[in-house]
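**Student:** Supplied in structure tokens, the structure appears directly below.
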Amino acid sequence: MSGNQVGYTVKKAVFITTKNLDYLRNTQEINELKKDYEVTVIGYQDKSYLLRVLKVYLSILLMSFRDVDLVFIGFASQLVLPVWKWKFGRAKVSIDFFISVYDTMVFDRKKVKPTSMAAKIMKKIDEITLKNADCIICDTKTHGQYFVDDLGADPAKLKVLYLDADCNIYYPRVVKKPDEYHDKFVVLYFGSVIPLQGVEVLLKAVQSFSNTDDIIFEIIGPVPEQQKVEGDYVYYHPWLSQNELAEHIAYADLCLGGHFSGDIMKAKRCIAGKTYIYRAMNKPVILGENAANHELFEENHQDIFFVEMGNAEALAKVIRYAKQQIEKNK
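When you line the sequence shown up against this note's numbering, it's residues 1 to 330, in that order.
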């Protein structure tokens, strides 16, 4: 319906993000907003995060929000809402509370101690951000409950928006395996190798396949040299473009979603973004046994398998079992 029609007024929204604009979560949320709003986007592509933040701040300062109905703050809303709440006037404010700064820096990355002043400040910033939002978007129900229980979020404000895969890149297809893989069962994992992913658990599981001659592991991501498992059954790729990654996933027989860390509580509240990609490509996956994954997935012993988090021996066992089931169902 056109905004020029009598009796109809176009609702206006401003989407603000300090993350690079082509970040999938940004694209997903902008597309959702466009269903109901005329959207203005404040965000930049500069490689420097600090420069992006400064440009976002300047744009907010110079913009009039007088006729804006909704301000939606994407990634790292803690850097925007506490600073600029006064500027948004009558507009409702929605935030994507994708991560808690407090939880990430204290318990995930372990950069500061829980009892430190820095930790207390981070927690307070999280709490202020949540309190000043009219709507809080989170990635899973489990994560949202943590924000309620530990950071004082109002449960009535919570809404879940699960992640999505870019189906222009990640879609089912048939791709021939490389010649050196052609008669092997290929197990693929990709990730940024941050702590909650539990890559050390994966690599320990991979070690137990050193005497197996019918399986290949492809590990895509910046795995430190000292952590790498050596052997002609393990292939590493430090980085691939998204299109290249999709090709590798397409010829894999089994994909590892995780998360696999057993020590970081955040890992138990999230569905790994890679899981959405694998499933968009119709790939069998192994997922960490947690409440978040069970919000969308249930084990079926055909293409969805669960494993105890933090247990490398269990992961190796599930990989062998999944291989057997997948080959049996071909």
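C-beta atoms are modelled at their ideal positions from N, C-alpha and C, and glycine is treated no differently.
Examine the ligand FMN and report whether any of its heavy atoms sits within less than 7 angstroms of the Cβ of Ile99.
**Tutor:** As presented, the structure is devoid of all ligands, the ligand FMN included, so that no description of it is given.
**Student:** Can you tell me where the beta strand (DSSP E) with Val41 in it begins and where it stops?
**Tutor:** That run of the beta strand (DSSP E) goes Glu38 to Ile42.
**Student:** On the three-state DSSP scale, how would you describe Ala272?
**Tutor:** Reduced to three states, the DSSP call for Ala272 is coil.
**Student:** Do the region 227 to 246 and the region 254 to 264 touch if we need at least three Cβ pairs shorter than 8 angstroms?
**Tutor:** As far as the Cβ criterion goes, the region 227 to 246 does not touch the region 254 to 264, which means the pair count is below three.
**Student:** According to the neighbour-count rule (16 or more other Cβ atoms, all chains shown, within 10 Å of its Cβ), is Cys167 buried or exposed?
**Tutor:** The residue in question, Cys167, is exposed, as its Cβ has fewer than 16 Cβ neighbours within 10 Å.
**Student:** DSSP on Phe217, reduced to helix/strand/coil?
**Tutor:** Here Phe217 sits in strand by DSSP.
**Student:** Could you check whether Asp253 and Ile136 sit closer than 8 angstroms to each other, using their CB atoms as the reference points?
**Tutor:** For Ile136 and Asp253, no; Cβs fall outside 8 angstroms.
**Student:** Classify Pro284 as buried or exposed, calling it buried when 16 or more other Cβ atoms lie within 10 Å of its own Cβ.
**Tutor:** Flag for Pro284 reads buried.
**Student:** Can you give me the Cβ contacts of Lys177 inside the same chain, cut-off strictly under 6 angstroms, excluding the 5 residues immediately before and after it?
**Tutor:** Once the five neighbours on either side are set aside, the close Cβ partners of Lys177 are Tyr251.
**Student:** For Phe291, which residues from the same chain have a beta carbon less than 6 angstroms from its beta carbon, with the 5 sequence-adjacent residues on both sides left out?
**Tutor:** Strictly speaking, residue 291 in this sequence is Ala, with Phe absent from that position. Counting only Cβ-Cβ distances below 6 angstroms, and skipping sequence neighbours, we find Thr142.
**Student:** By alpha-carbon positions, which one of Asp164, Ala133 and Leu163 ends up nearest to Ala156?
**Tutor:** Ranking the options by Cα distance to Ala156, first place goes to Ala133.
**Student:** Excluding the five sequence neighbours on either side, which residues of its own chain have a C-beta within less than 8 angstroms of the C-beta of Val6, listed in chain order?
**Tutor:** Reliability of the predicted coordinates at Val6 is poor, the pLDDT of 48 falling under 50, and the value obtained from them is presented with this limitation in mind. Answer for Val6: no residue qualifies.
**Student:** With distances taken between CB atoms, is the gap from Met281 to Pro114 smaller than 8 angstroms?
**Tutor:** Contact: no.
**Student:** Within 10 angstroms of the Cβ of Ser77, are there 16 or more other Cβ atoms? Answer buried if so, exposed if not.
**Tutor:** Per the 10 Å Cβ criterion, buried.
**Student:** Select from Leu70, Val148 and Phe297 the residue whose C-alpha is nearest the C-alpha of Glu127.
**Tutor:** Per the Cα distances, Val148.
**Student:** My output table needs one value for Asp108: the three-state DSSP class, helix, strand or coil.
**Tutor:** The answer is helix: DSSP assigns Asp108 an H, G or I state.
**Student:** Is it true that the region 79 to 90 meets the region 105 to 121, where meeting means three or more beta-carbon pairs spaced less than 8 angstroms apart?
**Tutor:** These segments do not touch.
**Student:** Just the C-alpha distance for Met1 and Val93, rounded to the nearest angstrom, thanks.
**Tutor:** In this predicted model, Met1 has a pLDDT of only 34, less than 50, meaning its place in the structure is not dependable; the value taken from the coordinates is given anyway. Distance between the alpha carbons of Met1 and Val93 is about 25 angstroms.
**Student:** Does the structure place the region 47 to 58 close enough to the region 27 to 39 that three or more beta carbon pairs sit under 8 angstroms?
**Tutor:** Touching, no, given that fewer than three Cβ pairs across the two stretches are closer than 8 angstroms.
**Student:** Using the Cα positions of Asn20 and Cys138, report the straight-line distance between them to the nearest angstrom.
**Tutor:** The alpha-carbon atoms of Asn20 and Cys138 are separated by roughly 19 angstroms.
**Student:** Tell me which same chain residues have a C-beta within less than 6 angstroms of the C-beta of Ala272, skipping the five on either side of it?
**Tutor:** Excluding residues within five positions, the ones whose Cβ falls inside 6 angstroms are Gly257, Gly258 and His259.
**Student:** Taking DSSP's pairing of strands, which residues face Cys135 in a bridge?
**Tutor:** In the DSSP output, where bridge partners are listed per residue, Cys135 has Ser94.
**Student:** Pick helix, strand or coil for Lys176, following the three-state DSSP scheme.
**Tutor:** In this structure, Lys176 counts as coil in the three-state DSSP scheme.
**Student:** Can you tell me the Cα-Cα spacing of Pro195 and Thr104, whole angstroms?
**Tutor:** Going from the Cα of Pro195 to the Cα of Thr104 covers about 10 angstroms.
**Student:** Would you check if the distance between the CB atom of Leu296 and the CB atom of Tyr162 is smaller than 8 angstroms?
**Tutor:** Closer than 8 angstroms, so yes.
**Student:** Do you know how far the Cα of Lys12 is from the Cα of Gly198?
**Tutor:** Distance between the alpha carbons of Gly198 and Lys12: 42 angstroms.
**Student:** Residues in its own chain within less than 7 angstroms of Ala153 by CB, not counting five upstream and five downstream?
**Tutor:** If we look at Ala153 and ignore the five residues flanking it on each side, its Cβ neighbours are Leu130, Ile136 and Phe147.
**Student:** Would you check if the distance between the CB atom of Thr18 and the CB atom of Val71 is smaller than 8 angstroms?
**Tutor:** Against a cut-off of 8 angstroms, the Cβ pair of Val71 and Thr18 comes out as no contact.
**Student:** Under a Cβ-count criterion, where at least 16 other Cβ atoms within 10 Å of its own Cβ denotes burial, should Val10 be classed as buried or exposed?
**Tutor:** It is exposed - the Cβ of Val10 has fewer than 16 other Cβ atoms within 10 Å.
**Student:** Taking the Cβ atom as the reference point for each residue, do Ala246 and Tyr170 lie within a distance shorter than 8 angstroms?
**Tutor:** Yes. Within cutoff.
**Student:** Cutting at 6 angstroms between CB atoms, please list the residues of its own chain near Asp46, excluding the five before and the five after it.
**Tutor:** Excluding residues within five positions, the ones whose Cβ falls inside 6 angstroms are Arg52.
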